[in-house]
Structure formats: structure tokens, C-alpha cells
Amino acid sequence: MSGECYPDKLIGDIPHFYLYYCGNPSEAVIAKRRSHAVTIGYQSPPFTKSELYGKLSELERILSEYKEAELLRPNSMEKIKIQFLEKAAQLNMDKLSMDEIENELYRIKNSLMPKGLHIFAQGYSRAEALEYMKSIVKYDRAEGKSIKRILAEVKGYDYDKLLKDNYIEILSELEYDISKLVEYYINFNKIDVKCDETALNEIKVSLEFGKKAFENSMKKKDF
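Everything in the sequence shown is counted per the UniProt record's numbering, starting at 1 for the first residue and increasing by one.
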């Protein structure tokens, strides 16, 4: 950028401090190049599961009722199915099968979304840091397997097949197990899982990685 460029003319000698999300360094470099920005990075706001609400929550309730009827009251299944499809139509899901709707509800429920905005120089609360840790240990990394994959293997499941074929009930069960495992580890510094030594070591590696993120996210720092 030359002295004849408008950003240079407009800014002149005024310091240009630019608050920029630290997860997007390439864009921050552009701000430096185009407007002489002195970037001050900040971390992302805490994330939380989007969960279900309103008609989506009602749809999930009817689906649970349908599955319960399948085991206990088969004669009522058709009536509940009609009710389910009517509710699905209100949400523009009427072209999907029940299995596809169940998959979509699971996806929405477990999607992460920002919880408000980041407050400068303020770290996550303990509860927010705990949710953050739970979210990151669920995914495979180059350094090791996710806890979700390890727990699936401990229970004798093929994790990739669970994902491919959308075994929602089993995946939801694994989500619950991860939540309890992480909370127990943070509270007592112990791993409450019955498994062989290899799996235990893999879980330990993943939890230690998550704990570092847990601790770092609570520090009051921006840069």
C-alpha cells in the first residue's frame, strides 16, 4: 500500500488498533496489509449445544413416544406416526422419512453455537470451560483418537459404521458417557472406565489434552 492509497491517506499517523478473532489469522494479516492495523486478538465466545426447542422439542418427544409404543403398545404406533408426520410437516420435514428426521434432530441438538459474545480479558467460567472440554474430546485428532471413538470400541462397536449408518441411540449414549467421564476426571482427577490398558492410556491422552484446553480457556487473557 502506497501513500496515495485511501486507507493510508485516511489513517495517516493515527494508530489503528483492530480487535480480531484469533481463530482467523489470515484475515488479520489482510487487515494489517490494507490498513496498517495493529491487531489485538481475542478468543472465541464459549460454545454450547444448540439443543432442541419449540416444535423441534415436541417432535423429539413424539418420536420417543413412538419408540416406546413399538415395545409396549404396538397398536398405538400408527396413530402416533400420523401425529409425528403432521408435526414434521409444520417444520417442512414432511418429505423426509422418520429415520431421516431422527438424524436431523440429532444433528441440530448436538450442533455447537456461540453462547453470547466474548467479553474482552475475561476467560470462560468453569462450567463453560467444562462444556468446551467435552466438545473437543469428541473429535479425532492427529495425535490420537477421540474419546467417543475409544468408548465405542470399548463397547464393541465399529465407530465409523455408527456414524455412517446413523445409530442415533448409541451415539447419544456415547455423548452421555463422555459428559460423565469428563466431569468425573475434572472433579476427581480419575478415569472411571472399565477397559483394557491400551484403551485406558488412549483415554488418558485425550483427557489430558482436553484438560489443558479446559485450564487455558479460563485464563483471563487476550493479546
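A virtual CB, placed ideally from N, CA and C, is assigned to each residue, including glycine.
- Note that the C-beta distance between Asp192 and Leu181 is below 8 Å.
- For the pair Ser206 and Gly144, the CB atoms are nearer than the 8 Å cut-off.
- Between the stretch 109-122 and the stretch 145-157 there are fewer than three inter-stretch CB-CB distances shorter than 8 Å, so the stretches are not counted as touching.
- DSSP, read as helix, strand or coil, puts Met98 in helix.
- In terms of CA proximity to Ala142, Phe209 leads the group Phe209, Leu59, Glu169.
- In the DSSP assignment, the residues bridged to Gly41 are Tyr20.
- Boundaries of the alpha helix (DSSP H) around Leu71: 54-72.
- The three-state secondary structure of Lys49, taken from DSSP, is strand.
- Under the DSSP assignment, Pro25 falls in the alpha helix (DSSP H) whose first and last residues are 25-35.
- The alpha-carbon of Lys9 is positioned some 14 Å away from that of Arg33.
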